[in-house]
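**Student:** Listed in order, the protein sequences are those of chains L and D.
With this note's numbering as the guide, the letters of the first sequence map in order to residues 2 to 133.
With this note's numbering as the guide, the letters of the second sequence map in order to residues 123 to 655.
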Amino acid sequence: MSVIEASEQANIFCRYLLKTSASETIQKRYAQVVIGRKVTDRKDQRALSIAFAHPALLPLLDSGLKVLRPHAELRFRASVVFALLETDPDYYKYFSIDKLPTLYIFVAAVSAVIGFARTAIGILFVKCLGIT
Amino acid sequence: MKKHDYIVVGSGCSGSMASQTLVEAGANVLMLDVGVLPTTGLKPKSGSFIQNRATDKNQHKYLLDTDLAYDHDNLSKVAQATPTRAYVFEETGSLIPFSADCFSAIESLAYGGLGAAWGLQCWRYSDSDATSAGLIPDGLSSGYKKIAERIGISGAEDAAAPYTVDASLPLQEPTKLNQIQRQLYRSYNKYHDDFIKRGLYLGRTPLALLTQNHGSRKAYSYKNMDYYTDYGHSAWRPWMTVDELKGKSNFSYMAGRLVLTFKEERNSILVKTRNTLTKQTEDFRCHKLILASSAMGTARIVLRSADDFTTRLPLLSNPYTYVPCIVPKMFGGGSEEGKVEFAQLSAFIDQLGNKQNYSVASFYAYQSLMLYRIVDQLPFGLRDSRNLLRYLLPGLLIMGIQHPDSPTANKFVSLKKISGTASTDLLNIVYRFTEAEMVEHSRREKQFTKFARQLGTFPTKRIHSPNGSSIHYAGTLPFSEKERKYALRPDGSLWGHRRVYVADSSGFKYLPGPGLTFSLMANAHKVAEASLA
Numbered sequence: 002m003s004v005i006e007a008s009e010q011a012n013i014f015c016r017y018l019l020k021t022s023a024s025e026t027i028q029k030r031y032a033q034v035v036i037g038r039k040v041t042d043r044k045d046q047r048a049l050s051i052a053f054a055h056p057a058l059l060p061l062l063d064s065g066l067k068v069l070r071p072h073a074e075l076r077f078r079a080s081v082v083f084a085l086l087e088t089d090p091d092y093y094k095y096f097s098i099d100k101l102p103t104l105y106i107f108v109a110a111v112s113a114v115i116g117f118a119r120t121a122i123g124i125l126f127v128k129c130l131g132i133t
Numbered sequence: 123m124k125k126h127d128y129i130v131v132g133s134g135c136s137g138s139m140a141s142q143t144l145v146e147a148g149a150n151v152l153m154l155d156v157g158v159l160p161t162t163g164l165k166p167k168s169g170s171f172i173q174n175r176a177t178d179k180n181q182h183k184y185l186l187d188t189d190l191a192y193d194h195d196n197l198s199k200v201a202q203a204t205p206t207r208a209y210v211f212e213e214t215g216s217l218i219p220f221s222a223d224c225f226s227a228i229e230s231l232a233y234g235g236l237g238a239a240w241g242l243q244c245w246r247y248s249d250s251d252a253t254s255a256g257l258i259p260d261g262l263s264s265g266y267k268k269i270a271e272r273i274g275i276s277g278a279e280d281a282a283a284p285y286t287v288d289a290s291l292p293l294q295e296p297t298k299l300n301q302i303q304r305q306l307y308r309s310y311n312k313y314h315d316d317f318i319k320r321g322l323y324l325g326r327t328p329l330a331l332l333t334q335n336h337g338s339r340k341a342y343s344y345k346n347m348d349y350y351t352d353y354g355h356s357a358w359r360p361w362m363t364v365d366e367l368k369g370k371s372n373f374s375y376m377a378g379r380l381v382l383t384f385k386e387e388r389n390s391i392l393v394k395t396r397n398t399l400t401k402q403t404e405d406f407r408c409h410k411l412i413l414a415s416s417a418m419g420t421a422r423i424v425l426r427s428a429d430d431f432t433t434r435l436p437l438l439s440n441p442y443t444y445v446p447c448i449v450p451k452m453f454g455g456g457s458e459e460g461k462v463e464f465a466q467l468s469a470f471i472d473q474l475g476n477k478q479n480y481s482v483a484s485f486y487a488y489q490s491l492m493l494y495r496i497v498d499q500l501p502f503g504l505r506d507s508r509n510l511l512r513y514l515l516p517g518l519l520i521m522g523i524q525h526p527d528s529p530t531a532n533k534f535v536s537l538k539k540i541s542g543t544a545s546t547d548l549l550n551i552v553y554r555f556t557e558a559e560m561v562e563h564s565r566r567e568k569q570f571t572k573f574a575r576q577l578g579t580f581p582t583k584r585i586h587s588p589n590g591s592s593i594h595y596a597g598t599l600p601f602s603e604k605e606r607k608y609a610l611r612p613d614g615s616l617w618g619h620r621r622v623y624v625a626d627s628s629g630f631k632y633l634p635g636p637g638l639t640f641s642l643m644a645n646a647h648k649v650a651e652a653s654l655a
């Protein structure tokens, strides 16, 4: 994998996680972790190629794999970007634990319902793709 | 070759305390230690956790790792093993290897040993627990007092005081409670009498954490960086004592020495070591030897010295169950400046009310260990989990239940010869529970989850840590009144030897639920005193 490919991947994961692009620092750090990692499993290769060709499907792939194949390479890479973003002050606002109004409980409940729905659809999707 | 009065093996909690007792008595002491040091360049800024997170461009170095070594599978195995503390567990694989099919032995060759990542809980053993462990309660009591004077302990005399602190202990004010623990404490105190009638106690955990200056060490600054650094040295670590001892003329410290064997001769003891840099063998002589390299480390040295590769020695380890509990009232509460990550509250179940064979659990708030470590706990993808965790985290409390442990035929260690590695042998560990033990663990877990519910929390699931991950080990050379091979006399000396003492937890023949560290330090002091007699 080239540095450019790694940077693109970091950007895709960052957009999925935070709906924003990855800084050069994040791209560089991500490349440092993944360049040289060999992906030999065909299911992992397929999941990665689908995710990078169609980034809009990442939420479903991630949610489905979380249940069916939690140690999939795609989840590993997404987790790496998650950890890198969390430990960069430029992205602090996305991870800070802010005081929220009491009524936020309804927002959280709706988020949980959406999360469950996404996981349920993700499971079916991942099964259909045969990458479990 | 210079002959020292004493050689102390290991710089951890027991080695440092035994050495201090000997040095204060005027003995000439040499401490032999591998002494792995922290990696340089990982030091966090002096700000609080929240300040550092918001501003420090280099935070990934101590929150993640300098080389971004991202071990996804091992993130939750040892919470204490943050990058700045990882050195505590380094080099053990090559120098003191083990083999086990169902036991995660966590050992240390660091300067300060496992104590460099200790959770600071200073629970004392009840008289009955001390007796079952083979310790003498009266002696232990004076040992507790001595250790508390040395290291400084903060705590409170509340409902749980009979289970946590001895009335004679000098205590500093307890730390300020975190919001979530304050909520729990309030719930308990509201129905205090009712709880006590049912044998349920909740109180402040005594911690080796200063709230007032103590010598050169400073009072706790509430920066919530406890998993990453030791600001102001307010949390006691064994290396702080060893650092102080280095200033005494009758104490010397030698790092880079792995003790292999000892041989008691007519007038001295010959201690064989391997220099970890040159790989050469080096010999040292002393009048008396104090082994303090943890229950498993000491077992290795004793078995190797006897060239015994067949005998099985018993092994004890506190099984540990943690239960994430949620406190809905606290959801959305935001980050709290000035939080304390150490266990601030301890729960005790003593249904007989005799303050003897009780069970213990402790409560931790979760904040500074980062979302990436727990994001997999929710059944969602990473994006949905992040959104929810930012709301849920202020209401998350971890309850850690520590089970006692007794010896059985299914828990033992033995030494096995190997070749082709830096070490010539490894410790073979077998550790399995009986059916009855598992039933007892489950019963205790149910009692505590019920107690947690009554305190207004919602326990989620019970997570059983891998065997051995409590990092509490004991019992390899159990105390015995009668002469027995591979056993200790009640004063800590090794049967069959006149001048070899063991100051760590090897002698404990039962491991009570409350963490052993404070008791092993008190015992180390008593063993050192006995050796002086």
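The beta carbon of each residue, even a glycine, is placed where N, CA and C say it ideally should be.
#1: Please state the DSSP three-state secondary structure of D195 of chain D.
#2: At the 8 Å Cβ level, is F96 of chain L part of the contact set with chain D, yes or no?
#3: Are the Cβ atoms of L114 of chain D and F406 of chain D separated by less than 8 Å?
#4: Closest to A239 of chain D by CA distance: which of D:I318, D:M452 and D:R207 is it?
#5: For N346 of chain D, which residues from the same chain have a beta carbon less than 8 Å from its beta carbon, with the 5 sequence-adjacent residues on both sides left out?
#6: What residue from D:K538, D:V210, D:D249 and D:K167 has the CA that sits closest to M430 of chain D's CA?
#7: Let me know if H563 of chain D comes out buried or exposed under the rule of 16 or more other beta-carbons within 10 Å of its beta-carbon.
#8: Given this structure, state the Cα-to-Cα distance separating L197 of chain D from L411 of chain D, to the nearest angstrom.
#9: Taking L291 of chain D as the reference, which of D:D547, D:L299 and D:P328 has the closest Cα?
#10: Can you pull the DSSP bridge partners for Q334 of chain D?
#11: Can you give me, in chain order, the residues of the region 160-172 of chain D that have a beta carbon less than 9 Å from any beta carbon in chain L?
#12: Can we say the region 38-49 of chain L touches the region 73-80 of chain L, given the rule of at least three CB pairs closer than 8 Å?
#13: Are any of the Cβ atoms in chain L nearer than 8 Å to that of Q303 of chain D?
#14: Could you compute how far the alpha carbon of K665 of chain D sits from the alpha carbon of L392 of chain D?
#15: Compute the Euclidean distance between the alpha carbons of L380 of chain D and S338 of chain D, then round it to the nearest angstrom.
#16: Can you determine whether any heavy atom of the ligand GTP sits closer than 7 Å to the C-beta of K368 of chain D, and answer yes or no?
#17: In chain order, what residues of the same chain lie with their CB nearer than 6 Å to the CB of S587 of chain D, ignoring the 5 residues before and after it?
#18: For G123 of chain L, which residues in chain D fall below 8 Å Cβ to Cβ?
#19: Quick one: Cα of L59 of chain L to Cα of D223 of chain D, how far?
#20: In chain order, what residues of the region 513-535 of chain D put their CB closer than 8 Å to some CB of chain L?
#21: Short of 6 Å in beta carbon distance, which residues of its chain neighbour Q334 of chain D, apart from the five on each side in sequence? Order them along the chain.
#22: For A531 of chain D, which of helix, strand or coil comes out of DSSP?
#23: Nearest-angstrom Cα distance between A601 of chain D and L62 of chain L?
#24: Would you please verify whether the beta carbon of M492 of chain D is less than 8 Å from any beta carbon of chain L?
#25: Can you look up P436 of chain D in the DSSP assignment and give me helix, strand or coil?
#26: Given S138 of chain D, which residues of its chain have a CB within under 7 Å of its CB, disregarding the five upstream and five downstream residues?
#27: Report yes or no: do the region 24-39 of chain L and the region 81-94 of chain L share at least 3 C-beta pairs separated by less than 8 Å?
#28: Going by beta-carbon coordinates alone, are A282 of chain D and G325 of chain D separated by less than 8 Å?
#29: For the region 108-121 of chain L, which residues have a CB atom closer than 9 Å to at least one CB atom of chain D, in sequence order?
#30: Thinking just about the alpha-carbon of each residue, which of D:H336, D:S136 and D:S168 is nearest to the one in G274 of chain D?
#31: Using beta-carbon positions only, say whether A417 of chain D and D626 of chain D come within less than 8 Å of one another.
#32: Provide the residue span of the beta strand (DSSP E) that contains P446 of chain D, from first to last.
#33: Hey, out of D:Q576, D:H126, D:V287 and D:I423, whose CA is closest to D547 of chain D's CA?
#34: Looking only at DSSP bridge pairs, what is K538 of chain D linked to?
#35: I'd like the list of long-range same chain contacts for G590 of chain D, defined as Cβ closer than 6 Å, with 5 residues on each side in sequence excluded.
#36: Identify whether Q294 of chain D lies in helix, strand or coil by the three-state DSSP scheme.
**Tutor:** With the given structure in hand:
#1: Counted from its first residue, the second sequence places residue 195 of chain D at position 73. In this predicted model, D195 of chain D has a pLDDT of only 49, less than 50, meaning its place in the structure is not dependable enough to derive any value.
#2: Working through the first sequence from its first residue, we reach residue 96 of chain L at position 95. For F96 of chain L, the answer is yes, since a Cβ of chain D falls inside 8 Å of its Cβ.
#3: Because chain D spans 123 through 655 in this model, residue 114 of chain D falls outside it and cannot be assessed.
#4: Locating residue 239 of chain D in the second sequence gives position 117, where the first residue counts as 1. Checking every option, the nearest Cα to that of A239 of chain D belongs to D:R207.
#5: By 1-based counting over the second sequence, the position of residue 346 of chain D is 224. Contacts found: S170, F171, I172, E459, G460, K461, V462, E463, Q489 and S490.
#6: Numbered from 1 along the second sequence, position 308 holds the residue referred to as residue 430 of chain D. Note that residue 430 of chain D is Asp in the sequence shown here, rather than Met. When each option's Cα is compared against that of D430 of chain D, the closest is D:K538.
#7: Indexing the second sequence from 1 puts residue 563 of chain D at position 441. With 16 or more other Cβ atoms within 10 Å, it is buried.
#8: For the purposes of this step, residue 197 of chain D is taken as the residue at position 75 of the second sequence. For the purposes of this step, residue 411 of chain D is taken as the residue at position 289 of the second sequence. The predicted model places L197 of chain D with a pLDDT of 42, which falls under 50 and marks its position as unreliable; any figure quoted below should be read in that light. Cα to Cα, L197 of chain D sits roughly 39 Å from L411 of chain D.
#9: The sequence position of residue 291 of chain D within the second sequence is 169, counting from 1. Of the candidates D:D547, D:L299 and D:P328, the one whose C-alpha sits nearest the C-alpha of L291 of chain D is D:P328.
#10: Along the second sequence, one-based indexing puts residue 334 of chain D at 212. The partner list for Q334 of chain D (beta bridge, DSSP) is empty, contrary to what the question assumes.
#11: I172
#12: yes
#13: Counted from its first residue, the second sequence places residue 303 of chain D at position 181. No, because no Cβ of chain L sits closer than 8 Å to the Cβ of Q303 of chain D.
#14: Chain D is shown from 123 up to 655; residue 665 of chain D falls before or after that span and cannot be answered.
#15: Taking the second sequence and counting its residues from 1, one reaches residue 380 of chain D at position 258. Taking the second sequence and counting its residues from 1, one reaches residue 338 of chain D at position 216. Taking the straight line joining both Cα atoms gives about 31 Å.
#16: This structure does not include the ligand GTP; it has no bound ligands of any sort.
#17: Numbered from 1 along the second sequence, position 465 holds the residue referred to as residue 587 of chain D. Counting only Cβ-Cβ distances below 6 Å, and skipping sequence neighbours, we find Y442.
#18: Mapped onto the first sequence, residue 123 of chain L falls at position 122. Those are G503, listed as they occur along chain D.
#19: By one-based count along the first sequence, residue 59 of chain L stands at place 58. By one-based count along the second sequence, residue 223 of chain D stands at place 101. Each residue's Cα considered, the two are about 38 Å apart.
#20: Y513, L514, L515 and P516
#21: By one-based count along the second sequence, residue 334 of chain D stands at place 212. Closer than 6 Å at the Cβ level, and outside the excluded window around Q334 of chain D, lie Q294 and A341.
#22: By 1-based counting over the second sequence, the position of residue 531 of chain D is 409. Of the three classes helix, strand and coil, the one that applies to A531 of chain D here is coil, per DSSP.
#23: Here residue 601 of chain D corresponds to residue number 479 of the second sequence, with the count starting at 1. Here residue 62 of chain L corresponds to residue number 61 of the first sequence, with the count starting at 1. Correcting the residue identity first, residue 601 of chain D is Phe in this sequence and not Ala. Rounded to the nearest whole angstrom, the CA to CA distance from F601 of chain D to L62 of chain L is 57 Å.
#24: One-based indexing of the second sequence puts residue 492 of chain D at position 370. Under the Cβ criterion of 8 Å, M492 of chain D is counted among the residues facing chain L.
#25: Here residue 436 of chain D corresponds to residue number 314 of the second sequence, with the count starting at 1. Strand, per DSSP.
#26: Locating residue 138 of chain D in the second sequence gives position 16, counting from the first residue. Contacts found: P360, T363 and V364.
#27: yes
#28: Reading the second sequence from its first residue, position 160 is the one you call residue 282 of chain D. Reading the second sequence from its first residue, position 203 is the one you call residue 325 of chain D. Their beta carbons are under 8 Å apart, which means A282 of chain D touches G325 of chain D by this criterion.
#29: V108, A109, S112, A113, I115, G116, F117, R119 and T120
#30: Residue numbering aside, residue 274 of chain D sits at position 152 when the second sequence is read from its first letter. Of the candidates D:H336, D:S136 and D:S168, the one whose C-alpha sits nearest the C-alpha of G274 of chain D is D:H336.
#31: Here residue 417 of chain D refers to the residue found at position 295 of the second sequence. Here residue 626 of chain D refers to the residue found at position 504 of the second sequence. The answer is yes: Cβ separation under 8 Å.
#32: Here residue 446 of chain D is taken as the residue at index 324 of the second sequence, counted from 1. First-last of the beta strand (DSSP E) with P446 of chain D: Y442 to I448.
#33: The residue labelled residue 547 of chain D in the question sits at position 425 within the second sequence. Just measuring C-alpha positions, the residue of D:Q576, D:H126, D:V287 and D:I423 sitting nearest D547 of chain D is D:I423.
#34: Mapped onto the second sequence, residue 538 of chain D falls at position 416. Paired residue(s): D:L548.
#35: Working through the second sequence from its first residue, we reach residue 590 of chain D at position 468. Around G590 of chain D: F225, S226, A227 and S439.
#36: Here the question's residue 294 of chain D lines up with position 172 in the second sequence. Three-state result, Q294 of chain D: strand.
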